[in-house]
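Protein chains: 2
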Amino acid sequence: MSFSPLIRQLIDALRILPGVGQKTAQRMALHLLERDRSGGLRLSQALARAMDGVGYCQQCRTLSEDALCPQCSDPRRDDSLLCVVEGPLDVFAVEQTGYRGRYFVLKGHLSPLDGLGPEAIGIPELEQHIARGRFSEVILATNPTVEGEATAHYIAQLLAPRGLSLTRIAHGVPLGGELELVDGGTLAHAMAGRRPIGG
Amino acid sequence: MSFSPLIRQLIDALRILPGVGQKTAQRMALHLLERDRSGGLRLSQALARAMDGVGYCQQCRTLSEDALCPQCSDPRRDDSLLCVVEGPLDVFAVEQTGYRGRYFVLKGHLSPLDGLGPEAIGIPELEQHIARGRFSEVILATNPTVEGEATAHYIAQLLAPRGLSLTRIAHGVPLGGELELVDGGTLAHAMAGRRPIGG
Numbered sequence: 001m002s003f004s005p006l007i008r009q010l011i012d013a014l015r016i017l018p019g020v021g022q023k024t025a026q027r028m029a030l031h032l033l034e035r036d037r038s039g040g041l042r043l044s045q046a047l048a049r050a051m052d053g054v055g056y057c058q059q060c061r062t063l064s065e066d067a068l069c070p071q072c073s074d075p076r077r078d079d080s081l082l083c084v085v086e087g088p089l090d091v092f093a094v095e096q097t098g099y100r101g102r103y104f105v106l107k108g109h110l111s112p113l114d115g116l117g118p119e120a121i122g123i124p125e126l127e128q129h130i131a132r133g134r135f136s137e138v139i140l141a142t143n144p145t146v147e148g149e150a151t152a153h154y155i156a157q158l159l160a161p162r163g164l165s166l167t168r169i170a171h172g173v174p175l176g177g178e179l180e181l182v183d184g185g186t187l188a189h190a191m192a193g194r195r196p197i198g199g
Numbered sequence: 001m002s003f004s005p006l007i008r009q010l011i012d013a014l015r016i017l018p019g020v021g022q023k024t025a026q027r028m029a030l031h032l033l034e035r036d037r038s039g040g041l042r043l044s045q046a047l048a049r050a051m052d053g054v055g056y057c058q059q060c061r062t063l064s065e066d067a068l069c070p071q072c073s074d075p076r077r078d079d080s081l082l083c084v085v086e087g088p089l090d091v092f093a094v095e096q097t098g099y100r101g102r103y104f105v106l107k108g109h110l111s112p113l114d115g116l117g118p119e120a121i122g123i124p125e126l127e128q129h130i131a132r133g134r135f136s137e138v139i140l141a142t143n144p145t146v147e148g149e150a151t152a153h154y155i156a157q158l159l160a161p162r163g164l165s166l167t168r169i170a171h172g173v174p175l176g177g178e179l180e181l182v183d184g185g186t187l188a189h190a191m192a193g194r195r196p197i198g199g
C-alpha cells in the first residue's frame, strides 16, 4: 500500500524476470524511476519489439527475427559441421570456442516424465535438416546432465545408419580448478578419456 | 554476433537494471522470449506507463503518479508525527514497522564532496513542509551511515529553534544475530543506549 499503483504494477511486472524477487524488483523499479527514465523507456521499447518481432530461424531453429539467423546466413561457415545444442544460449557459448560450423537448436532435452518426447524437442526436424544438408560430422553438444546425455545417445542411435561421423563433446576436469574439488564422476570420465602428452 | 539484432538490443537494454550483467541479461532475455512473451509485453507496458506517468508527491516528495501519494492522501494517519527518510524505498521499510504518521522523503543524504548540499537533497522543502504542518515530533530516519548521521545532525540543528520533539531511530544490535558477530561500533552504541529491563 506504500507505493502508488503504477509503481506497484512495475514492481510486479519486474518479478517475471528469472532470479528477481520482491526486494530486487523494488530496487530495480526505484532505480529506473529515480535515476534512469530514458533507460527505462529504452528497455520498454526493446522488450515490445523483441516480444513481437522475434521468431525462430527456419534452418537451425534458434531465436531470430529474420528468416535465417546470423549463423545460418553467414556464407563463410563450414557446411560440413553441425553442432546440436539444447537452446539458443548454448549457441552463444559454443560460438565463444571459435567453432565456425552450423548449428541445430533443440527445444531442451528429452524428459519422458514431463511428457517431452522426440517430437516435443524437435528431433524430427533435426533429421530432416540433416537429410537436406551435406554434413560430414554431427557434434552432439547437449548439456552434460543425465537428460542431456540421454538425449545425445538417443540422437546418436537415430543417426547411426546415416554413416556420418557422430561425436560428443568431451567430459573431463574443467580448466583452472583443483583436482580435490572435482566430483568423482567427472574425474572418472577424465581418467577414462586420458590422452598421450608430449614426446 | 551470435544473437540477431532485436535480441542483442534487448540484452543491452536489460543491462541498465542494477545488478544485471551480461550473462544475467542473456538469461533474462531468452527466458522471456522462450517462455513468457506475454509477461515480457506486460513488463514493457508497465515500464512505459511508469516512466512517463510517475512524478513526485506534492507533500512528501516520494515517487507517485498522483498529486498526493497513498500515505499523504490517507486521512486516518497521525498528522502530528513526521518521519524523514532518504528515499522512497525507506518509506516502504518504515511502513513495515507499523508506523502510521506522515513522511518527508529527501533526495538522498548530504554529500559535500559530490556537491550535494542542503538544497540538492530538498532540505528547504522539508523546512517549508514542517512550517506548514502541525507536527509535534520529527523522527530522523536517515540511514545509519556516516552521511546519514551527518544529514540527521544537520537537520536536527536546523530544526532545533522550532521547539519540536526531534528524535533519531535507535542504534543497537539487530534482532536474531550473535553478539560476537556484531561490529564494535554498533555494540558500543548498544551499550551506551542500554535500557532498564523487567522488574
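Those protein sequence lines, which keep their order, are chains A and B.
Heads up, the final residue of the first sequence is numbered 199 in the UniProt record's numbering, and it's a clean run with no missing numbers.
Heads up, the final residue of the second sequence is numbered 199 in the UniProt record's numbering, and it's a clean run with no missing numbers.
Just so you know, even glycine gets a beta-carbon here, dropped at the ideal spot from N, CA and C.
Within the same chain, show all residues whose beta-carbon is closer than 8 Å to that of residue 56 of chain B, passing over the 5 residues directly before and after it, in chain order.
The beta carbon of residue 56 of chain B lies closer than 8 Å to those of 62, 63, 64 in the same chain, with the five residues before and after it left out.
Provide the residue span of the beta strand (DSSP E) that contains residue 82 of chain A, from first to last.
Residue 82 of chain A -> beta strand (DSSP E) spans 81-85.
Beta bridge counterpart(s) of residue 121 of chain B as assigned by DSSP
None, per the DSSP bridge assignment.
Would you kindly check if the distance between the Cβ of residue 10 of chain B and the Cβ of residue 50 of chain A is under 8 Å?
Residue 10 of chain B is positioned such that its CB atom lies closer than 8 Å to that of residue 50 of chain A.
Range covered by the alpha helix (DSSP H) that runs through residue 186 of chain B:
Start and end: 184-192.
Quick check on this structure: which residue in A:116, A:81, A:176 has the alpha carbon closest to the alpha carbon of residue 151 of chain A?
Among A:116, A:81, A:176, the Cα nearest to that of residue 151 of chain A is on A:116.
Okay, do the segment 8-28 of chain B and the segment 23-38 of chain A touch, 3+ Cβ pairs below 8 Å being the bar?
Flag = yes, the segment 8-28 of chain B and the segment 23-38 of chain A touch.
Where does residue 78 of chain A fall in DSSP's three states?
It is coil, neither helix nor strand.
Going along the UniProt zinc finger region "C4-type" (57-72) of chain B in order, which residues come within less than 7 Å of chain A, judged by CB to CB distance?
Those residues of the UniProt zinc finger region "C4-type" (57-72) of chain B that come within reach of chain A (Cβ to Cβ, closer than 7 Å) are 63, 64, 65, 66, 69, 70, 71.
Do the CB positions of residue 108 of chain A and residue 82 of chain A come within less than 8 Å of each other?
Taking 8 Å as the Cβ cut-off, residue 108 of chain A and residue 82 of chain A do not qualify as a contacting pair.
Got a sec? Which residues, its chain only, sit under 6 Å from residue 21 of chain A by beta carbon, not counting five neighbours each side?
Nothing meets the Cβ criterion.
To which residues does DSSP link residue 102 of chain A through a beta bridge?
Beta-bridge partners assigned by DSSP to residue 102 of chain A: A:82.
With distances taken from CA atoms, which of A:193, A:194, A:48, A:3 is nearest residue 96 of chain B?
With distances taken between Cα atoms, residue 96 of chain B lies closest to A:3.
Determine the closest residue to residue 189 of chain A out of A:171, A:183, A:175, with distance taken between C-alpha atoms.
If we check each option's Cα against that of residue 189 of chain A, A:171 comes out closest.
Please name the residue in A:130, A:196, A:66 whose C-alpha comes closest to that of residue 161 of chain A.
Looking at the Cα atoms, A:130 is the closest of the given residues.
Would you kindly work out how many angstroms separate the C-alpha atoms of residue 118 of chain B and residue 68 of chain A, rounded to a whole number?
Rounded to whole angstroms, residue 118 of chain B to residue 68 of chain A spans 57 Å at the Cα level.
According to DSSP, simplified to helix, strand and coil, what is residue 65 of chain A?
Of the three classes helix, strand and coil, the one that applies to residue 65 of chain A here is coil, per DSSP.
Does residue 86 of chain A pass the burial test, meaning 16 or more other C-beta atoms within 10 Å, or should it be called exposed?
Counting every other CB atom within 10 Å of its CB across the protein chains shown gives residue 86 of chain A a total of 16 or more, marking it as buried.
Identify the contact partners of residue 4 of chain B in chain C, using a Cβ-Cβ distance below 9 Å as the criterion.
Note that chain C does not occur in the displayed structure, where the protein chains are A and B.
Going by beta carbon distance, what residues of the same chain come within less than 7 Å of residue 105 of chain B, once the five residues before and after it are set aside?
Cβ neighbours of residue 105 of chain B within its own chain (closer than 7 Å, five residues either side excluded): 60, 61, 62, 85, 87, 88, 91.
Pairwise C-alpha distance: residue 103 of chain A and residue 191 of chain A
Cα to Cα, the separation comes out at about 30 Å.
Note down, in chain order, every chain A residue with its Cβ under 8 Å from the Cβ of residue 89 of chain B.
Counting only Cβ-Cβ distances below 8 Å, residue 89 of chain B has contacts in chain A at 26, 27, 30, in chain order.
Whose Cβ in chain A lies nearer than 7 Å to the Cβ of residue 191 of chain B?
None at all; the shortest Cβ gap to chain A is about 31 Å.
Excluding the 5 residues preceding and the 5 following residue 180 of chain B in the sequence, name in chain order all residues of the same chain whose CB lies nearer than 8 Å to its CB.
Cβ within range, chain order: n/a, list empty.
Please check if any C-beta of chain B sits within less than 8 Å of the C-beta of residue 80 of chain A.
So, not an interface residue.
Can you list, in chain order, the residues of its chain whose CB lies under 8 Å from that of residue 159 of chain B, leaving out five sequence neighbours each side?
127, 130, 138, 166, listed in sequence order.
Alpha helix (DSSP H) runs contained entirely in the segment 133-198 of chain B, provided each spans 4 or more residues
Complete alpha helix (DSSP H) runs here, min 4: 146-159, 184-192.
Tell me, please, whether the CB atom of residue 9 of chain A is closer than 8 Å to any CB atom in chain B?
So yes, residue 9 of chain A belongs to the interface.
Based on DSSP bridge pairs, tell me the residues matched to residue 111 of chain B.
Answer is B:116.
Rounding to the nearest angstrom, what Cα-Cα distance links residue 173 of chain B and residue 146 of chain A in this structure?
CA-to-CA, the gap between residue 173 of chain B and residue 146 of chain A works out to about 48 Å.
Any beta-carbon of chain A closer than 8 Å to the one on residue 13 of chain B?
Residue contact with chain A for residue 13 of chain B: present (Cβ-Cβ distance below 8 Å to some residue of chain A).
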